[in-house]
Structures are given as structure tokens and as C-alpha cells.
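Each residue of the sequence shown is one higher than the last, beginning at 46 in my numbering.
See structure below.
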Amino acid sequence: MGTDQPETFGIGDGISVNRLGYGAMRITGDDIIGKPDDTEQARAVLNRAVELGVDFIDTADSYGPGVSERLIRETLAPYDDVTVATKGGLMRRPDGEWVRNADPDYLKNACLCSVDRLGVGTIDLYQLHRVEDCVPLEDSLHALAELKDEGYVRHIGLSEVGVEEIERARDVVDIATVQNRYNVADREHDDVVDYSERHGIGFMPWFPLGAGSFGSKDEALERVANRRDATPRQVALAWLLQRSPVMLPIPGTSSIEHLEENVAAGSIELTDEDLEALR
Numbered sequence: 046m047g048t049d050q051p052e053t054f055g056i057g058d059g060i061s062v063n064r065l066g067y068g069a070m071r072i073t074g075d076d077i078i079g080k081p082d083d084t085e086q087a088r089a090v091l092n093r094a095v096e097l098g099v100d101f102i103d104t105a106d107s108y109g110p111g112v113s114e115r116l117i118r119e120t121l122a123p124y125d126d127v128t129v130a131t132k133g134g135l136m137r138r139p140d141g142e143w144v145r146n147a148d149p150d151y152l153k154n155a156c157l158c159s160v161d162r163l164g165v166g167t168i169d170l171y172q173l174h175r176v177e178d179c180v181p182l183e184d185s186l187h188a189l190a191e192l193k194d195e196g197y198v199r200h201i202g203l204s205e206v207g208v209e210e211i212e213r214a215r216d217v218v219d220i221a222t223v224q225n226r227y228n229v230a231d232r233e234h235d236d237v238v239d240y241s242e243r244h245g246i247g248f249m250p251w252f253p254l255g256a257g258s259f260g261s262k263d264e265a266l267e268r269v270a271n272r273r274d275a276t277p278r279q280v281a282l283a284w285l286l287q288r289s290p291v292m293l294p295i296p297g298t299s300s301i302e303h304l305e306e307n308v309a310a311g312s313i314e315l316t317d318e319d320l321e322a323l324r
């Protein structure tokens with residue numbers, strides 16, 4: 046893990062984004078269902094993110110469902126220099142249950158709905174939100190590859206996959222990004238990070254701030270934060286950015302204060318001593 050990291054990352058061909066993005070799940074209602082309690086506040090967070098230099102926003106059709114995508118369009122379209130990524134293949138039921146659906150026909154329809162909600166002709170990055178056990182991964186990826194050939198999708202990504210699944214997917218279509226659960230205290234997917242780095246695939250860690258608690262890493266984060274005049278959350282994000290040059294953290298929040306704190310983490314450079322303390 047080095048301390049000299051690039052500020053941007055190229056997603057596939059022709060898209061360069063700042064490596065600290067924004068995850069737009071939290072601009073929905075309680076339990077990720079329906080509209081947020083304060084729609085204007087949600088729009089203010091999106092606008093402030095762009096003002097702060099965030100040019101990569103990640104969402105999904107299941108956030109709301111549909112609410113996050115619509116708010117992004119209403120607030121930021123026609124987007125200018127902002128790249129919006131979305132996902133399909135994981136449905137959100139009214140009772141809060143997550144249900145996988147990677148059926149090829151469903152994915153094609155879901156993608157077209159996202160195109161409409163986002164107000165774009167082509168989605169810059171469309172991700173398979175989950176692999177479904179009863180649907181061969183190759184079938185799902187062939188559907189996304191067809192969407193790419195038809196111009197609805199520019200680049201394709203995966204979510205919650207292992208190295209073997211990435212390799213199978215790459216036999217079908219180019220994979221630009223992978224989005225797995227990962228943070229300073231949860232390193233189950235270290236092998237996926239390393240594989241992504243070797244192959245120039247962007248790695249988007251979801252749950253990058255661990256809901257504010259990092260278990261066994263809490264004390265070390267506090268010590269490093271005190272040395273850096275930062276917060277533990279900022280140190281956790283800085284650690285991610287220095288973990289790999291392909292790392293694309295997308296912390297989400299409905300608070301402008303937390304958003305500004307998160308973005309400021311991009312300017313923190315951890316020393317070898319700091320990194321050793323967090324090892």
C-alpha cells in the first residue's frame with residue numbers, strides 16, 4: 046500500500062472520475078423506501094457534492110425504488126461533467142426485503158427504465174447488482190452486453206462477486222468496475238481488490254464507513270485521527286484511497302455536514318506509520 050496515489054481513475058475508455066465519489070442510496074425515505082422526508086435537502090446534498098468536486102455518483106434502480114434515480118435527474122441533469130452509475134438486478138420490496146432478479150429479460154427492462162429515469166440516452170456505467178443463484182452469470186452478462194451493443198450502456202460493472210465470477214464475466218464482456226462490501230475493518234475481499242488492481246478494474250467499496258463503527262480498528266483509527274487532526278471516518282476513507290489506485294470509495298449521506306467531512310478526507314495523506322497502525 047503506497048502513499049502516492051492518483052487523484053483520478055479511468056473507468057473503461059474515455060471516462061475519468063475523481064476517486065472519491067458519492068453513493069446516492071441515502072437520498073430516499075426511511076429503510077430506502079419512498080421519497081426522503083426533505084426532498085429539498087436531498088437535492089441540496091447532491092448539488093453540494095458537485096460543488097465540492099465530486100463527479101462520480103453511484104445509485105441503483107432499487108433505491109426508493111426509483112426515487113434516487115429520479116432525484117438525481119431532477120437535480121443534476123444534463124449532468125455536464127458528472128458520471129452517474131446505476132445498478133439493476135436487486136429489487137426492493139415495500140416490506141424492506143431485498144430480492145435478487147438477474148433474469149436477462151428483467152435486466153434489459155430494468156436498464157431501459159433507468160435510462161428513462163436518469164434522462165440519458167446511454168448509462169455510463171451499468172452494474173449487475175447481484176448474481177442470482179438460479180440464473181447463470183453468463184446469461185445475465187450476455188443481456189448487459191447486448192444493451193452495450195445497442196448503445197444503452199457504455200461500461201459494465203459487477204457487485205458482490207469473487208475473483209472466479211469476475212473471470213467468468215470477463216469471458217463474456219469487458220468489466221470496468223466491481224462493487225463489494227469493503228472497509229478498513231472488513232477486508233474479506235482483499236483478493237478482489239488485488240485482482241482489480243492487476244487488471245485495471247475500478248473497485249467501489251460499499252459500506253466504506255462501516256456505519257461509523259469499525260470494531261477492532263476503532264482505537265487505531267482514533268489514534269491516527271488525533272495525529273492527523275481528522276475524524277476516524279476521514280482516516281477510514283483516506284486508508285481506502287491509499288489501499289489501491291483503483292479504489293473508488295462512494296460514501297453516502299443525507300447530511301451536507303457529513304458530505305463535506307467525507308470529501309475533505311481526500312486531502313489526507315497517511316504516513317507509513319499511520320498505515321502500519323491500521324494494518
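Every residue gets a Cβ at the ideal spot worked out from N, C-alpha and C, and that includes glycine.
DSSP bridge partner residues for residue i (one or two, in chain order)
i: Y67; result: I102
i: H200; result: L170
i: Q224; result: S204 and M249
i: V62; result: F54
i: D231; result: N228
Delimiting residues of the alpha helix (DSSP H) encompassing residue i
i: P149; result: P149 to L163
i: Q50; result: It is not in any alpha helix (DSSP H) - Q50 carries neither H nor E in the DSSP assignment.
i: D319; result: D317 to A322
i: A283; result: P277 to R288
i: I301; result: I301 to A309
i: G254; result: According to the sequence displayed, residue 254 carries Leu and not Gly. Taken as a continuous stretch (DSSP letters only), L254 belongs to no alpha helix (DSSP H), as it is neither H nor E.
i: N146; result: It is not in any alpha helix (DSSP H) - N146 carries neither H nor E in the DSSP assignment.
i: K193; result: L182 to D194
i: R272; result: D263 to R273
Option in the options with minimal Cα separation from residue i
i: T104; options: A130, S61 and W284; result: A130
i: I102; options: E142, P139, S61 and I78; result: S61
i: M292; options: E318, V238, V269 and S258; result: V238
i: I168; options: R118, S113 and S159; result: S159
i: N228; options: M136, I295 and I313; result: I295
i: A89; options: A310, E305 and L323; result: E305
i: Y333; options: A322, I313, H303 and V218; result: Only positions 46 to 324 of the chain appear in this structure, which leaves residue 333 out of reach.
i: L116; options: A230, R145 and S299; result: S299
i: P149; options: W251, M136 and S185; result: S185
i: Y108; options: T128, E142, A94 and E96; result: E142
i: L173; options: G134, G207, Q50 and A190; result: G134
i: Y240; options: I313, D263, L182 and E209; result: E209
i: E350; options: W251, E52, N154 and I78; result: Outside the shown range of the chain (46 to 324) lies residue 350, about which nothing can therefore be said.
i: D161; options: I313, V206, D106 and G59; result: D106
i: R71; options: L91, R64 and E183; result: L91
Supposed close pair residue i, residue j - CB separation, criterion 8 Å
i: Y197; j: L163; result: Wrong, their Cβ atoms sit about 11 Å apart, outside the cutoff.
i: T222; j: G202; result: 4 Å
i: R325; j: L170; result: Residue 325 cannot be examined here, being either before or after the span of the chain that is shown, 46 to 324.
i: V99; j: V308; result: 7 Å
i: V112; j: K132; result: About 14 Å; that fails the 8 Å criterion.
i: R278; j: L254; result: 5 Å
i: A310; j: L282; result: 4 Å
i: V218; j: K193; result: 7 Å
Test: residue i CB closer than 7 Å to a CB of chain D
i: S299; result: Here there is only one protein chain, and chain D is not present.
Uninterrupted alpha helix (DSSP H) stretches inside the region 74-144 (no shorter than 4 residues): 84-96 and 112-121
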